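The structure under discussion appears below in the form of structure tokens.
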Amino acid sequence: MGARQREISVSEFFTKNRHLLGFDNPRKALLTCVKEAVDNALDACEEAGILPEVTVQLEAVAVGAAAVPAASQATRFRITVTDNGPGIVRQQIPRVFAKLLYGSKFHRLRMSRGQQGIGISAAGMYGQLTTGKPVKIISRTGSRAAAQYFAVQIDTKKNEPLVLENKTVEWDRPQGTQVAIEVEGRYQKGRASVDEYLEQTSIANPHVRLIYRTPEGETKDYPRAYHELPPSPKEIKPHPYGIEFGMFLKMLQESKSQTVSSLLSSDFCRVPPALADEMCKAAKVSPRAKPRDIRGAVAETLYQTIQATKIMAPPTNCLSPIGEKAILSGLYKQIKGEFYTAVSRPPSVYRGNPFIIEAGLAFGKAPDSVAKPEKQSMPLAEGEHEEGDSELARVIRYANRVPLLYQQSSCATFKAVLATTWRNYGITQSRGALPAGPMVIFVHIASVWVPFTSESKEAIAEYDEIHKEITLALRECGRRLGLFLRRRERAASEFRRRNIFELYIEEVVAACNSLKGGKLPTEKLKAQLQKIASSRTGGIKTDETLGKTGAGPEGLPHSIIVTAEGIEGEAPAIAVPAVAEVSEKQPPAKQNRKPAAKAKPAKKKSSKSATVSIARKAHPARKKK
Ligand SMILES: Nc1ncnc2c1ncn2[C@@H]1O[C@H](COP(=O)(O)OP(=O)(O)OP(=O)(O)O)[C@@H](O)[C@H]1O
Ligand SMILES: [Mg+2]
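Residue numbers (my numbering): -16 to 608.
Structural data, given as structure tokens:
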């Protein structure tokens, strides 16, 4: 047995366990490859302060001598993702694309889409494994530098790159990176598809322009809806509460600081020198002792003292939430509905890592969306339902602005949706099931370190703090929805009452007229009675709540109805997503939608809860479906 003991390289391990990286079936593998490349492109652009413009091209590729098959029949695809980012320096390219666990994001605490240094090289490795083709890269760091072309593969035994080709090439872009991978895959639209991933990416990233060339030859353009970059999140140092004892020992051994006190104040956040000295004294350690000399029981006492000391929560400028108005705008743009709301929770902390939970809700069905799509002949993917076969809510999940499309049921966000008692808000819900109704629930976690349940970054682990924050955000959304539904119900009952009054008005006017010997100004009396009937049944508010003030065809309104507790006025414009926005101070901004004839001007107070109820004649997303 001793002779058989061998080292296992990380590449060999993940070749055998490729499902851990999201390559368990061809359809999902295609999505994972696109996702890794697009996430990297967006991270790189944002880090360099460039407004991202990303092109994704999927092409069906022939296998052997056969002709190129149709997209739906193809088993092999070429994925080409091009960005306008900062490019990658020549020496780094082989390792970035052909060495697992190599990257710039793992060792820092800063919010970004990627964090583990395994994404794009794993996609390349999957391509190599299934098609034998190398990853092809073109990267240019600026107009003065030449564009570099590389073809690389992984030596899986050593987890090192093999450069098959490197040359300078002509490239029509001043800077950026293009990565092309050929993989075994399957293209199918619907839930958890590449199409859905790109659509959801555009909802949560309104500052990105995405161009998608589908394998069917179509070009979909997701235009940029917001022309400024989100504020760049800052890098932070670890918080003392988030450090495990073993890690603390390692820091003591490896620190460059001269004294324990300076180690505590310079290697951790929120520890000023005075507090560091105080903690050392409380643990009976000299603040001037060398960190390397602190070992064993002394180190343990110091660690316990630090954990027992009250230390300020970590700073939150390392987070860049999407923002309530941007969520509303994204939901409004992509999802049909009558009621929209969004909530950004204040920052919170798990294991010393700051995070922010944001939730949103789109509710309602448009009367013109009843046309059912034709039955799909393809089998359904995970999480996919036949449209209309169930009226359960749909949950869309994001982590650091990246849509999560698989492993829904093991995700903390989904569990929190199930655990919320939606019946309290007037929504039906069977025990242990999703709430029923035409509803889309949006949940986003922004953190410097998102606790994914596996390397494929598909579901969020259930830390108590995270679960609690998601629940609080969902409850607030639910409470607002409940208010909206109750108001609408009340308005409907007032409207029925008004109809009954109006039925009798003709009779009453005719009777009065005959009593007066036919000399009564009947039209005037009718108008007066109608005015009373209207004012006794909620007046214009009733019409607004029921969406009857619009002048569209078939009585369909195309204006915006405003609930008392939400932003009053127009549909939300996309706001700068910033932590500052969580402070609820910004008045609602303008957007290019027609204001309601009777809509009230924006009330400052109401910007606090970003809730709008929007009804309109036609919705772009509706037309598509
Ligand atoms: N398009 C790109 N432009 C610039 N740099 C890039 C690009 N793609 C990747 N990189 C660099 O290569 C590194 C490795 O990317 P990779 O996707 O393997 O890991 P990651 O993004 O750090 O983490 P994750 O495994 O979570 O995706 C990144 O950290 C980044 O520095
Ligand atoms: Mg990545």
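Just so you know, even glycine gets a beta-carbon here, dropped at the ideal spot from N, CA and C. Just so we're clear, the structure is a prediction, and the values are computed from it rather than from any experiment.
With distances taken between CB atoms, is the gap from residue i to residue j smaller than 7 Å?
i, j, result
"residue 405", "residue 418", "yes"
"residue 81", "residue 144", "yes"
"residue 212", "residue 193", "no"
"residue 474", "residue 525", "yes"
"residue 340", "residue 261", "no"
"residue 129", "residue 151", "yes"
"residue 36", "residue 67", "yes"
"residue 22", "residue 100", "no"
"residue 456", "residue 393", "no"
"residue 429", "residue 436", "no"
"residue 385", "residue 400", "no"
"residue 481", "residue 510", "no"
"residue 248", "residue 259", "yes"
"residue 318", "residue 345", "yes"
"residue 158", "residue 125", "yes"
"residue 117", "residue 146", "no"
"residue 187", "residue 381", "yes"
"residue 310", "residue 343", "yes"
"residue 102", "residue 167", "no"
"residue 223", "residue 294", "yes"
"residue 389", "residue 465", "no"
"residue 3", "residue 283", "no"
"residue 177", "residue 17", "yes"
"residue 198", "residue 41", "yes"
"residue -8", "residue 140", "yes"
"residue 322", "residue 467", "yes"
"residue 286", "residue 251", "no"
"residue 315", "residue 448", "no"
"residue 169", "residue 1", "no"
"residue 495", "residue 486", "no"
"residue 24", "residue 69", "no"
"residue 492", "residue 505", "yes"
"residue 217", "residue 300", "yes"
For the alpha helix (DSSP H) holding residue i, just list the boundary residues, first then last.
i, result
"residue 107", "102 to 114"
"residue 386", "Run containing residue 386: none in the alpha helix (DSSP H); it sits in the beta strand (DSSP E), 385 to 387."
"residue 286", "279 to 291"
"residue 72", "Note, residue 72: premise wrong, no alpha helix (DSSP H); not H, not E."
"residue 332", "Not the alpha helix (DSSP H): residue 332 falls in the beta strand (DSSP E), residues 331 to 333."
"residue 322", "Run containing residue 322: none in the alpha helix (DSSP H); it sits in the beta strand (DSSP E), 322 to 327."
"residue 472", "447 to 498"
"residue 307", "307 to 317"
"residue 502", "Premise fails: residue 502 is in no alpha helix (DSSP H) and is neither H nor E."
"residue 401", "395 to 402"
Assuming the contact rule is C-beta atoms closer than 8 Å, residue i and residue j should be a hit. Round their C-beta distance to whole Å, please.
i, j, result
"residue 298", "residue 226", "In fact, because the Cβ distance is near 16 Å, the residues do not count as touching under 8 Å."
"residue 137", "residue 107", "7 Å"
"residue 264", "residue 242", "The pair is not a contact, with the Cβ atoms about 13 Å apart (cut-off 8 Å)."
"residue 60", "residue 39", "About 12 Å; that fails the 8 Å criterion."
"residue 307", "residue 325", "4 Å"
"residue 512", "residue 478", "Wrong, their Cβ atoms sit about 17 Å apart, outside the cutoff."
"residue 376", "residue 454", "At roughly 16 Å, the Cβ-Cβ gap does not stay under 8 Å, so residue 376 and residue 454 are not in contact."
"residue -3", "residue 77", "About 18 Å; that fails the 8 Å criterion."
"residue 303", "residue 94", "6 Å"
"residue 235", "residue 289", "That pair is no contact at about 12 Å."
"residue 164", "residue 110", "4 Å"
So the beta strand (DSSP E) residue i belongs to, where does it begin and stop?
i, result
"residue 67", "Counting along the chain, residue 67 falls outside any beta strand (DSSP E), and DSSP gives it neither H nor E."
"residue 345", "336 to 346"
"residue 380", "377 to 382"
"residue 518", "No beta strand (DSSP E) contains residue 518, which is instead part of the alpha helix (DSSP H) from 505 to 519."
"residue 41", "36 to 43"
>> Any residue with its Cβ nearer than 6 Å to a heavy atom of ligand 2 should be included. What is that list in chain order?
In response: 19, 22, 23, 97, 102, 103
> In chain order, which continuous runs of the alpha helix (DSSP H) of length 4 or greater are located wholly inside the segment 121 to 202?
Replying inline: 177 to 187
>> As an exercise, report each continuous beta strand (DSSP E) stretch of at least 3 residues that is fully enclosed by the segment 418 to 442, in chain order.
In response: 422 to 430
>> List, from N- to C-terminal side, the beta strand (DSSP E) runs of 3 residues or more that fit wholly inside the segment 201 to 276.
In response: 202 to 205
> Whole alpha helix (DSSP H) runs in the segment -10 to 33 with 4 or more residues, listed along the chain?
Replying inline: -7 to -1, 9 to 30
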